Amino acid sequence: MKRPLALLLAVLVAALLGYGVVYELATRPAKAMLCHPDGGMVWLRKEYHLTPEQFAKVQQMHADYRPTCEAMCMRIAVSREKVDALIAAHQTVTPETAAALQEWALLQNECRVAMLRHVYAVSAEMSPEDGKRYVAMATARLVAPGMAHTSLLDK
Amino acid sequence: MNDSLQKRLAEWQVDLEAPPRFEAGVWARIAAEESARRTVFDRVGDWLAAAFYQPRLAAVAVTLGLALGIGTAFVKAQDSNALLTRQLESRYMETINPLAHGGGGQS
Numbered sequence: 001m002k003r004p005l006a007l008l009l010a011v012l013v014a015a016l017l018g019y020g021v022v023y024e025l026a027t028r029p030a031k032a033m034l035c036h037p038d039g040g041m042v043w044l045r046k047e048y049h050l051t052p053e054q055f056a057k058v059q060q061m062h063a064d065y066r067p068t069c070e071a072m073c074m075r076i077a078v079s080r081e082k083v084d085a086l087i088a089a090h091q092t093v094t095p096e097t098a099a100a101l102q103e104w105a106l107l108q109n110e111c112r113v114a115m116l117r118h119v120y121a122v123s124a125e126m127s128p129e130d131g132k133r134y135v136a137m138a139t140a141r142l143v144a145p146g147m148a149h150t151s152l153l154d155k
Numbered sequence: 156m157n158d159s160l161q162k163r164l165a166e167w168q169v170d171l172e173a174p175p176r177f178e179a180g181v182w183a184r185i186a187a188e189e190s191a192r193r194t195v196f197d198r199v200g201d202w203l204a205a206a207f208y209q210p211r212l213a214a215v216a217v218t219l220g221l222a223l224g225i226g227t228a229f230v231k232a233q234d235s236n237a238l239l240t241r242q243l244e245s246r247y248m249e250t251i252n253p254l255a256h257g258g259g260g261q262s
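Chains P and S, in that order, are what the protein sequence lines are. Just so you know, we're using my numbering here: the first sequence kicks off at 1 and counts up by one. Just so you know, we're using my numbering here: the second sequence kicks off at 156 and counts up by one.
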C-alpha cells in the first residue's frame with residue numbers, strides 16, 4: 001500500500017512543481033515591471049513596442065510634461081479643497097460656491113487639454129497601430145480618470 | 156471386539172486420489188465467494204493498486220500530473236498578467252493625468 005501512496009505523492013509533487021515553475025516564469029516579466037520604480041514607462045515601452053530611439057523621445061517628452069502635470073495636479077487639488085470647504089460652509093449654492101465649481105471645472109478641462117496634447121504627441125512617436133491603441137487607452141480615462149480603460153471600453 | 160475393530164481400522168487404508176486440479180478448484184471457489192462479497196470500491200482500489208505497480212502507468216500518472224500543473228499555471232498566469240497589466244497601465248496613466256490623483260472628482 002506504500003507504493004501507491006508514494007506514487008500519488010509523486011504525481012502531486014509533479015503537478016505542484018509544474019504549476020509553480022510555469023506560473024513564475026510566465027508572470028515574472030510583468031511582476032518585474034511592477035516592482036520597477038519606473039514601471040509605468042517600462043510597461044509603455046513593452047506594450048506599444050517602442051524602439052530605443054522612440055522610447056528615448058517619449059521619455060524626454062514625459063520629463064518635459066511632468067512639471068506641467070504636477071503643477072496642474074496641485075492647482076486642481078487646491079481648487080477642489082476650496083469647493084469642498086464652500087460646500088461644507090453653506091446650505092445653499094452661493095455665488096462663491098458656483099464660481100469655485102466653475103473654476104474647478106475649467107481647471108479640469110485645462111488639464112484634459114494638456115493631457116490630450118501630450119497623448120497625441122506621444123502617439124505620434126509610435127507606429128500607427130500602436131499609436132491608435134495608445135490614444136484609445138489614454139483618452140478613455142479623460143472623462144473618468146479613476147476607472148480602468150478596459151472597464152470603460154467594456155461598458 | 157474392540158481390539159478387533161481397532162486392529163481392522165489400523166489396517167484400513169484409503170486409497171483415493173483427488174481429481175485433477177482439485178486443490179485449485181477449491182481455491183477458485185473460495186476466491187469467487189470472497190470476490191462476491193467485495194464492493195465496487197474494493198475492486199477499484201485493487202485495480203489502482205495493481206496499476207500503480209506498473210512502471211509505465213506510474214510514469215503516465217506523473218506526466219499527467221505535470222501536464223495538469225503546467226496547464227493550470229498557464230491559465231492562471233494569463234489572468235494574473237491581465238491584472239498586472241491593468242495595474243501598470245494605471246500606474247503610467249497616473250504619471251500623465253493630473254485628474255487621476257483625486258482632484259478630478261474620482262477620489
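By construction, the Cβ of each residue, glycine as well, lies at the ideal position given by its N, Cα and C atoms. Quick caveat: nothing in here was measured; it's all calculated off a predicted structure.
Assign P:K155 to buried or exposed, taking buried as 16 or more other Cβ atoms, counted over all protein chains shown, within 10 Å of its Cβ.
As a first step, residue 155 of chain P must be located in the first sequence, where it is residue number 155. With a pLDDT of 44 at P:K155, under the threshold of 50, the modelled position of this residue cannot be trusted; read the value that follows with caution. Under this definition P:K155 is an exposed residue.
Verify the CB distance criterion: does S:N236 have a CB-CB separation below 8 angstroms to chain P?
On the second sequence, residue 236 of chain S is found 81 positions in, with the first residue counted as 1. Yes, S:N236 lies at the interface with chain P (some Cβ there is under 8 angstroms from its Cβ).
When DSSP labels each residue in this structure, what does S:E172 get in the three-state scheme?
Working through the second sequence from its first residue, we reach residue 172 of chain S at position 17. Correct three-state label for S:E172: coil.
Can you pull the chain P neighbours of S:R246, defined as C-beta to C-beta under 7 angstroms?
Here residue 246 of chain S corresponds to residue number 91 of the second sequence, with the count starting at 1. Those within 7 angstroms of S:R246 in chain P are G39 and G40.
When P:A14, P:K31 and P:M72 are compared against S:V217, the one with the closest alpha-carbon:
Reading the second sequence from its first residue, position 62 is the one you call residue 217 of chain S. When only C-alpha atoms are compared, the closest one is P:A14.
Going along the chain, which residues of its own chain have a beta-carbon closer than 8 angstroms to the beta-carbon of S:R241, five neighbours each way excluded?
As a first step, residue 241 of chain S must be located in the second sequence, where it is residue number 86. If we look at S:R241 and ignore the five residues flanking it on each side, it has no Cβ neighbours.
Does the beta carbon of S:V217 come closer than 8 angstroms to any beta carbon on chain P?
Residue numbering aside, residue 217 of chain S sits at position 62 when the second sequence is read from its first letter. It does; some Cβ of chain P falls within 8 angstroms.
In the DSSP assignment, find the unbroken alpha helix (DSSP H) run with S:E178 in it and report its ends.
Looking up residue 178 of chain S in the second sequence gives position 23. Looking at the DSSP string, the run of the alpha helix (DSSP H) that includes S:E178 is F177 to R192.
P:H62 by DSSP, collapsed to three states: which one?
In the first sequence, the residue the question calls residue 62 of chain P occupies position 62. If DSSP states are grouped into helix, strand and coil, P:H62 belongs with the helices.
Taking the alpha-carbon positions, what's the P:D38 to P:A32 distance?
Walking along the first sequence from the start, residue 38 of chain P turns up at place 38. Walking along the first sequence from the start, residue 32 of chain P turns up at place 32. Cα to Cα, P:D38 sits roughly 11 angstroms from P:A32.
Pull up the distance between the alpha-carbon of P:Q91 and that of P:C69, whole angstroms please.
As a working note, residue 91 of chain P is residue 91 in the first sequence. As a working note, residue 69 of chain P is residue 69 in the first sequence. When rounded, the distance between both Cα atoms is 34 angstroms.
Three-pair Cβ contact test at 8 angstroms for the region 220-228 of chain S versus the region 19-28 of chain P
yes
Whole-angstrom distance between P:L17 and P:P67, CA atom to CA atom
Locating residue 67 of chain P in the first sequence gives position 67, counting from the first residue. Locating residue 17 of chain P in the first sequence gives position 17, counting from the first residue. So the alpha carbons of these two residues sit roughly 48 angstroms apart.
Would P:S198 pass as a contact of P:H62 if the rule is Cβ separation under 8 angstroms?
Chain P is shown only over 1 to 155; residue 198 of chain P falls outside these bounds and no answer can be derived.
Cβ neighbours of P:R107 in the same chain (closer than 8 angstroms, five flanking residues each side left out):
As a position in the first sequence, residue 107 of chain P is number 107, starting the count at 1. For the record, residue 107 of chain P in the displayed sequence is Leu; it is not Arg. Hits under 8 angstroms: M72, R75, I76 and S79.
So which residues on chain P does S:Q242 lean against when the C-beta distance must stay under 7 angstroms?
For the purposes of this step, residue 242 of chain S is taken as the residue at position 87 of the second sequence. By Cβ distance, chain P contributes L34.
For S:G220, go through chain P and note every residue whose CB falls closer than 7 angstroms to its CB, in chain order.
Counting from 1 along the second sequence, the entry for residue 220 of chain S is found at position 65. Simply V11, L12, A14 and A15.
Using a Cβ-Cβ cut-off of less than 7 angstroms, give me the residues of the region 202-215 of chain S that come near chain P, in sequence order.
L203, A204, F207, Y208 and A213
Going by beta-carbon coordinates alone, are P:A100 and P:V83 separated by less than 8 angstroms?
In the first sequence, the residue the question calls residue 100 of chain P occupies position 100. In the first sequence, the residue the question calls residue 83 of chain P occupies position 83. In this structure, P:V83 lies closer than 8 angstroms to P:A100 by Cβ.
Could you tell me whether the Cβ of P:H49 comes closer than 8 angstroms to any Cβ of chain S?
Start at 1 with the first residue of the first sequence, and residue 49 of chain P comes out as number 49. Not an interface residue.
Report the rounded CA-to-CA distance for S:V169 versus S:A187, giving the unit in angstroms.
Counting from 1 along the second sequence, the entry for residue 169 of chain S is found at position 14. Counting from 1 along the second sequence, the entry for residue 187 of chain S is found at position 32. The straight-line gap from Cα to Cα measures roughly 31 angstroms.
Where P:L50 sits in the DSSP three-state scheme:
If you number the first sequence from 1, residue 50 of chain P lands on position 50. If DSSP states are grouped into helix, strand and coil, P:L50 belongs with coil.
Residue of S:V215, S:L239 and S:T250 minimising C-alpha distance to P:L7:
Walking along the first sequence from the start, residue 7 of chain P turns up at place 7. The shortest Cα separation from P:L7 among S:V215, S:L239 and S:T250 belongs to S:V215.
To which residues of the same chain is P:R112 closer than 7 angstroms at the C-beta, ignoring the five residues directly before and after it?
As a working note, residue 112 of chain P is residue 112 in the first sequence. The residues are L142.
Please confirm whether S:F196 has its beta-carbon closer than 8 angstroms to some beta-carbon of chain C.
No chain C appears in the structure shown, which is made up of the protein chains P and S.
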